[in-house]
DNA sequence: CTAAACTTTCAATAATTATTGAAAATAAAA
DNA sequence: TTTTATTTTCAATAATTATTGAAAGTTTAG
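Here it is as C-alpha cells:
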C-alpha cells in the first residue's frame, strides 16, 4: 500500500468507527485528515480530498475548533483560513475526554441528583432511589477518574497505570 | 413529583442521553425501564409502558441480552417470557465496559496495527507512522485501564482511584 | 467608498437509522 | 396431531440526522 492510500484508508476507517461513539462521520474524517496532513489545509483542500460541500466543511471544522482539537493557522501571503489539528495525541485525548466529560457525564450527574429529590418513602421508592444512588456513585467515580486523567501528564498516567495494570 | 413520574422521567432522560454515546434511544429506555422495575416484565408490559411495537421490543431486548445486561426470567404459571436487568450497577458498568472494549476499542487497535505495515521511509511516511504509533499507544493504555477495571471489584476500584484522585 | 475573496447560514434534500406490523416460524397445550 | 400462544423476522415506512448549495454576511484590497 502506498502512503496516500494508507492515509485515505485511515481517514475512512476513522469515520466509520466514529459512528459507534456518537460522533458525526464527516467530523471524524475531517479531523483525521488534518491529523495526518503535514501542512495546514484550507476549506478547499478539505472539500476536494473528502469530496464534501463547502457548508459541510465549514460546520465540521467549526465543531472541531469548538472541541478544542483543531486550530486556525495563518499562512503568509494567503487570504483564506487554514486549519491544523493538535498533533500531540496525548493532548488530543485529554481534550476530547475533557469535553465529553463536560458535555455528557456531568449532565448525567445533574439529572440523577434532581431525580433523587422525590419525596416518597414507600418500599418501591426506596428501591428506585437506591438504583439512582448507585448510578450516581459509579458515575462520580468515573468522573473523578476522568478529572485526574485530564490533569495528569502523559508520563505520570502511563507509569501509574502500568503499575496498577500489572498488579 | 410522584414515583411513577420520576421513573418515567428517568427512562426518557436516559433515552436522550444514550444518543450522544452512540446507543439507540429505545434500547436505553427499555434497559432503564427494566432497571427500575421491581418485577420481571413481559414484551407486552414494555410495549405498553414505552408505547412501542412488538418488533421493536423484541429487537432491543435481544440486543440487551446480547450485551449481557438483561436476562430472561421464568415466571411460574406464565407461558410467555419475562425480562429483568442486572440490578448491580457496578456489575452493569463492568459489563458495558467489557462489551464496548471488545466491540469498539480492540478493532481500533487492529486497524492501527494494520496501517503501520506500510513500507515507505519517506519523511512524510515516517510522520504518518508516528501519528499512528501515538494513537496506538494511547489506545493501548486506555485498553489496559479498561481491562483492569473489568477485573477489579468495586471496593478495590473506588479505594484505589480515590487515592489517585486525591493525590 | 466598491469590488472581490472568502465565510457563514439555513431551507431544501438526501442519506441513514429506527420502527412498525403483519406474516412466518416456533413452542406449548389440548 | 391440531390448535393456540408466543416470538421472530423483515420489507415497508417513518423519523432522525447529515449534507448540499446558493444567498446573505463579512472581511480585506484596491
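Chains as they are written, first to last, in my numbering: chain A, -1 to 165; chain B, -1 to 165.
Cβ atoms here follow ideal geometry from the backbone N, Cα and C, with glycine treated the same way.
No experiment lies behind these values; they were computed from the predicted model shown.
Tell me, please, whether the CB atom of residue i is closer than 9 Å to any CB atom in chain A?
i: residue 165(B); result: Low local confidence applies: a pLDDT of 46 at residue 165(B) is under 50, so the model's placement there is unreliable, with the coordinate-based value given in what follows. Residue 165(B) counts as touching chain A.
i: residue 87(B); result: yes
i: residue 1(B); result: yes
i: residue 97(B); result: no
i: residue 4(B); result: yes
i: residue 122(B); result: yes
i: residue 129(B); result: yes
i: residue 72(B); result: no
Could you name the residues of chain A that residue i contacts, counting a contact when the two beta carbons are closer than 7 Å?
i: residue 20(B); result: 17, 18, 19, 20
i: residue 7(B); result: 113
i: residue 119(B); result: Here the premise fails: no neighbours, minimum Cβ distance about 10 Å.
i: residue 68(B); result: By Cβ distance, chain A contributes nothing, its closest Cβ being about 15 Å from residue 68(B), past 7 Å.
Examine chain B for any beta-carbon lying closer than 9 Å to the beta-carbon of residue i, and answer yes or no.
i: residue 65(A); result: no
i: residue 132(A); result: yes
i: residue 82(A); result: no
i: residue 125(A); result: yes
Could you tell me which residues DSSP pairs with residue i in its beta bridges?
i: residue 111(A); result: According to DSSP, which records beta bridges pairwise, residue 111(A) is partnered with nothing at all.
i: residue 40(A); result: 80(A)
i: residue 103(B); result: DSSP, once it has assigned bridges, lists no residue as partnering residue 103(B).
i: residue 70(B); result: 81(B)
Figure out for me which residue from the options has the closest Cα to the Cα of residue i.
i: residue 2(B); options: 17(A), 31(A), 122(A), 62(A); result: 122(A)
i: residue 84(A); options: 113(B), 43(B), 157(B), 133(B); result: 133(B)
i: residue 25(B); options: 4(B), 0(B), 51(B), 37(B); result: 51(B)
i: residue 95(B); options: 143(B), 72(B), 22(B); result: 143(B)
i: residue 15(B); options: 14(A), 57(A), 152(A), 99(A); result: 99(A)
i: residue 4(B); options: 147(A), 129(A), 146(A); result: 129(A)
i: residue 66(A); options: 49(A), 87(A), 46(A); result: 87(A)
i: residue 6(A); options: 79(B), 110(B), 89(B); result: 110(B)
i: residue 10(B); options: 102(B), 31(B), 64(B); result: 31(B)
i: residue 137(B); options: 127(A), 91(A), 140(A), 137(A); result: 91(A)
i: residue 38(A); options: 69(A), 118(A), 131(A), 154(A); result: 69(A)
i: residue 62(A); options: 141(A), 97(A), 34(A), 106(A); result: 97(A)
i: residue 89(A); options: 59(A), 22(A), 153(A), 13(A); result: 153(A)
i: residue 105(B); options: -1(A), 8(A), 0(A); result: 8(A)
i: residue 28(A); options: 55(A), 18(A), 17(A), 72(A); result: 55(A)
How would you list, in chain order, the residues of chain B whose beta-carbon sits under 7 Å from the beta-carbon of residue i?
i: residue 11(A); result: 109
i: residue 106(A); result: 15
i: residue 156(A); result: 139
i: residue 136(A); result: 87, 88, 91
i: residue 94(A); result: Near residue 94(A) there are no residues of chain B at all, since even the closest Cβ is about 10 Å away, more than 7 Å.
Give the interface partners of residue i over in chain B, defined as CB-CB distance under 8 Å, in chain order.
i: residue 61(A); result: Here the premise fails: no neighbours, minimum Cβ distance about 14 Å.
i: residue 76(A); result: Those within 8 Å of residue 76(A) in chain B number zero; the least Cβ separation is about 22 Å.
Which residues in chain A sit within 9 Å of residue i, going by Cβ to Cβ distance?
i: residue 102(B); result: 15, 18, 19
i: residue 148(B); result: Under the 9 Å cutoff, chain A gives no residues; its nearest Cβ is about 12 Å from residue 148(B).
| Listed in chain order, which residues of the segment 26 to 53 of chain A have Cβ atoms closer than 9 Å to some Cβ of chain B? | Within the segment 26 to 53 of chain A, the residues whose Cβ lies closer than 9 Å to some Cβ of chain B are 33, 34, 36, listed in chain order.
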